[in-house]
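Protein chains in written order, with my numbering: chain A, 313 to 1024; chain B, 163 to 286.
Where a beta carbon is used, it is the ideal one built from N, C-alpha and C, also for glycine.
Quantities reported herein were computed from a predicted structural model and do not represent experimental measurements.
Only one structure is covered here, and it is reproduced in the block below.
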Amino acid sequence: MADNPHPLDQTLFAAAFQALPHAACLLEPMFGAGGAISDWRYIAANERIGEFIGLRDVEGQTLRGRWPDMAADWMGEFAEALATGATVIVVRPGSQHDKVYETTLTPLPFGARGAVLVTIRDASSEHRDREKRREADARYKLLFDSIDEGFCILEVVFDEAGQGVDYTILEANRAFNAQTGLDDAVGRLRSEFRPDLENDWPANYGRIALSGVSERFERYSNSVGRWFDVFAFPIGDQAPYRIGALFEDVGARKDMEATLRHSENRLQTLIEASSDLIFRMNPQATLMEQVGGDSLLGDVGEESNWIERLVLESDRAMVQAVVDDAIVRRAPFQFDTRVRTDDGVVRWLSCRAIPVLGDDGAITEWFGMATDITPRRSAEQQVAHGAEVLLLATEIGKVAVWDWNVETGDLVWSDEHFRMEGYEVGEVVPTYDRWAERVHLEDREACDIKIAAAMESGEDYVNEYRICPPGGEVRWVSARGRFLYDEKGKPVRMLGAMIDITQRRREEEWQRLLVAELQHRVRNLIGMVRSVARLSAPSHRNVDEYVDHLIGRLQAMGRTQSTLTRSPGRSVDLGELVREELVVHAVQPDMCHVDGPEVALSPHAAEIVTLAIHELATNSVKFGALGDSGHIRIVWLTEERDGKPWVSLRWQETAPRGKTKNNRKGFGRRLIEERVPYELDGKGSFFVHDTGVLVQLEFPLSDNGSILDSRI
Amino acid sequence: MTDRLLSGCRIIILEDDYYQAHDSKNTLEDAGANVISVTATVPDLKALMADGRIDAVLIDINLGHSTSFDFARELSRNAIPFLFLTGYDVGMLPEDLVGSPYISKPADRGKIVAGLASLTASQT
């Protein structure tokens, strides 16, 4: 360089430059066209820089020439240092891996151009430490902000007496802001951002800071309106006194606790007020302890083996079985049992208990309650007893009872109902159809209509109908029933009772027939009397004689009537009838011969035969054998004609001398010759011989009675 | 009985009582009727109809061991008018015969004749 008459390395300054502990070099600017710096020329470089970055023998070299890749990066800083006259420090990674260099550019105002002293220092380790610290800080901040609990670091301000009176928030995380509602507290005094906060907060922090002992406390802040769970710990043990505080908003938990406490109180009140006995038992359910409620069992306060102590001997096995089963199934149990209380009274208890299961599913204990159901039980027993008595009464009274569930169709019959329908008790399952199929075909429709009408109207069902048990006698029954309805008016049940009125029906029918028959007979009789009176008239010129005859005939008819009335519906013996009629006409036994087998005559036949004998006897007294010392032979026999029994009666008179022949067809003769064939379907003949009358009466012994006679 | 109300009428009598039948026969004949049959049991109607016209039938309800209701129904089917003459009450009549002409025993002879006359009159 023509401008440097003294080479640098020959001066003291050059020696000092060479001795610098740092790697150093000197550069001067080179100006291009227009006066701008175009490059930098090396003036000198000490040995240290040669070791450091291999920069040796720099004379005549330029920055661009030496570092063609990197020179452009540095041009700006060099120019800045020269222009401003201030030192520029640049930290940059070196060309070598993981090396960071701190390069200091110091401007040297020397000569017209000036120069820049460059010193280079290896800053790799410092740089790494700083990086690590920055990462740790970032992690700490992240953690700090991510915890749910509010956290702050504060510095306590004391008064002269050493009492904490205020504090400054130094740091706070996001949760702190959220929980306290203090957004801009950091770096400020509490008295500034929250002047209304209770004074015991700084007092507490002061105490903790001075004592060096961390504390945990729950505190309600009126000014914030929240419950806090606070853990405060001292940081360091001398001034400035700092405190770390963890906050948790426990409002929700506090509310829950309050609700729970309230609910527990209520439950306890309920248990105490309960008329039931509340108890707990061990997992084996052997020991019982009363926890509340009524002392139904006397003193069961302490744990006691309740089954043996309380349950009646007869119920113990059942209770034990129920409990054992529930233990195996780990399921609730329930039973009713009789217990003997301390005062010796037997009571009915209804017990229920549920198992409390632990995390492993095993029973940890039982909770349950027992209710005194003695009144209910005795009421039930009374009802059952009443029902039993009622049922017995219906059985004795031969009343058939039914209970029909209209909704389900279930039908219950009493024993008598089964019997009345012709079933063995319990032989069939009763249903509406089972009942209906036994109802007489002619009555079935009327029954259905009456039941439907009763169901519709709510009026009692009243009905009389016939039941036809297969192979049995038709029975008349009288039934009454009533429908029961639910609150919507829907029929749900029908209760009813039924009695057998067959006998009553028969008697009524019998009575009706009797009346009708009586009417018929009386009217017929009058009609017959009229006919008899008319028929008697022609044969008599003399009124007295006519009256005698008429009265005689009416008396004969009267005798038959009285015989028939004496034994209504019974037959009359022919022999008895004949002898009685002869006695009436005072026929002496030696004048007649009566002989024949026993023959039962129908009332109708008896009436005609009586009248016939009367006529014959009257005539005989007047004209024939009986009026003289003659003899009468009355004989009869029975025989079968065309498969029907017939009776054949002969009246034969024998008189010593012939009397006036009477061939006129009188009343008696017509009776025999006309009425017998007409009414009895038989034959009658009447002959008048010299020796007397010979009469032959023949007719079938049919059941030719009235409707009344043929009945029953 | 000079009023020959039933003159020329052919009439059947069904009556189980001999005296009543005899009486009725006389009564009707006195009124000019031609009584073509008097019977105590239900007669064979077809045979009687084959023999000639039947103007009316006088019927007793009680035929001893049976009633004459079926015979009355048979007469109805053949459009032959009939008159019940009976000792029974009117209540004895079965439902389908309620309203049939009916005279209660003991009956006045004139009443029987008049009853039958009105039947035969309404026929012609």
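- Between the region 921 to 940 of chain A and the region 882 to 900 of chain A, the count of Cβ pairs shorter than 8 Å is three or higher; the stretches touch.
- If you check the CB distance, Leu245 of chain B and Leu220 of chain B come in under 8 Å.
- Excluding five sequence positions before and after Glu461 of chain A, the CB atoms of its chain that fall closer than 7 Å to its own CB belong to Ala487, Leu558, Phe559, Glu560, given in chain order.
- In the displayed model, Lys267 of chain B falls within coil according to three-state DSSP, outside both helix and strand.
- Per DSSP, Asp185 of chain B lies in no beta strand (DSSP E) segment; the continuous alpha helix (DSSP H) that holds it begins and ends at 180 to 192.
- By the criterion of a C-beta distance shorter than 8 Å, Arg778 of chain A is surrounded in its chain by Val751, His752, Glu754, Asp755, Val786, Arg787, Trp788, Val789, once the five residues flanking it on both sides are discounted.
- Chain B places a beta carbon closer than 8 Å to that of His916 of chain A, counting this residue as a contact.
- For Ser262 of chain B, no Cβ of chain A is located within less than 8 Å of the residue's own Cβ.
- Secondary structure at His752 of chain A: coil, using DSSP grouped into helix, strand and coil.
- Listed along chain A, no residue sits closer than 7 Å to Ala234 of chain B by beta-carbon distance, the nearest being about 16 Å off.
- Chain-ordered, the chain A residues with CB closer than 7 Å to the CB of Lys267 of chain B read Arg835, Asn836, Gly839.
- Per DSSP, reduced to three states, the secondary structure at Gln602 of chain A is strand.
- Taken through DSSP and simplified to helix, strand or coil, Arg353 of chain A comes out as strand.
- For His227 of chain B, the closest alpha carbon among the candidates B:Met211, B:Thr203, B:Ala279, B:Asp192 is that of B:Thr203.
- Counting every other CB atom within 10 Å of its CB across the protein chains shown gives Asn516 of chain A a total of 16 or more, marking it as buried.
- In chain order, Met593, Ala597, Ala665, Pro667 place their CB closer than 6 Å to the CB of Trp678 of chain A, counting only its own chain and leaving out the 5 sequence neighbours on each side.
- Leaving aside the five residues that flank Val911 of chain A on each side, the residues in its chain whose CB is nearer than 8 Å to its CB run, in chain order, Asp885, Leu886, Gly887, Trp948, Thr950, Val959, Leu1013.
- Chain-order list of chain B residues neighbouring Ala828 of chain A: Tyr250, Asp251, Met254, by C-beta distance under 7 Å.
- Here the C-alpha atom of Phe999 of chain A lies approximately 22 Å from the C-alpha atom of Ala917 of chain A.
- The C-alpha of Gln602 of chain A lies about 19 Å from the C-alpha of Val658 of chain A.
- Where Thr966 of chain A is concerned, the enclosing beta strand (DSSP E) starts and stops at 956 to 966.
- Arg987 of chain A belongs to the set of residues whose beta carbon lies under 8 Å from a beta carbon in chain B.
- Taking CB atoms only, Ala276 of chain B has no neighbour in chain A less than 8 Å away.
- Using a CB distance cut-off of 8 Å, Glu991 of chain A counts as an interface residue toward chain B.
- Scanning the region 788 to 814 of chain A from its first residue to its last, the whole beta strand (DSSP E) runs of 3-plus residues come out as 803 to 812.
- Asn240 of chain B is outside the set of residues whose beta carbon lies under 8 Å from a beta carbon in chain A.
- Using a CB distance cut-off of 8 Å, His926 of chain A does not count as an interface residue toward chain B.
- In the DSSP annotation of this structure, the continuous segment of the beta strand (DSSP E) that includes Val400 of chain A starts and ends at 400 to 405.
- Remark: fewer than three beta-carbon pairs, one from each stretch, lie closer than 8 Å, so the region 669 to 685 of chain A and the region 698 to 706 of chain A are not flagged as touching.
- For Ser843 of chain A, the residues of chain B that pass the 7 Å Cβ criterion are Tyr181, Gln182, His184, Asp185, in the order they occur in the chain.
- Taking the beta carbon of Arg846 of chain A as reference, the chain B residues within 8 Å of it are Asp185, listed in sequence order.
- In this chain, the beta strand (DSSP E) harbouring His943 of chain A covers 943 to 953.
- For Asp495 of chain A, the CB contacts under 8 Å within the same chain, skipping 5 residues up- and downstream, are Asn489 in chain order.
- Under the three-state reduction of DSSP, Gln330 of chain A is assigned to helix.
- Between Ala195 of chain B and chain A, the shortest Cβ-Cβ separation is not below 8 Å.
- Under DSSP, the beta-bridge partners assigned to Asp478 of chain A are A:Val469.
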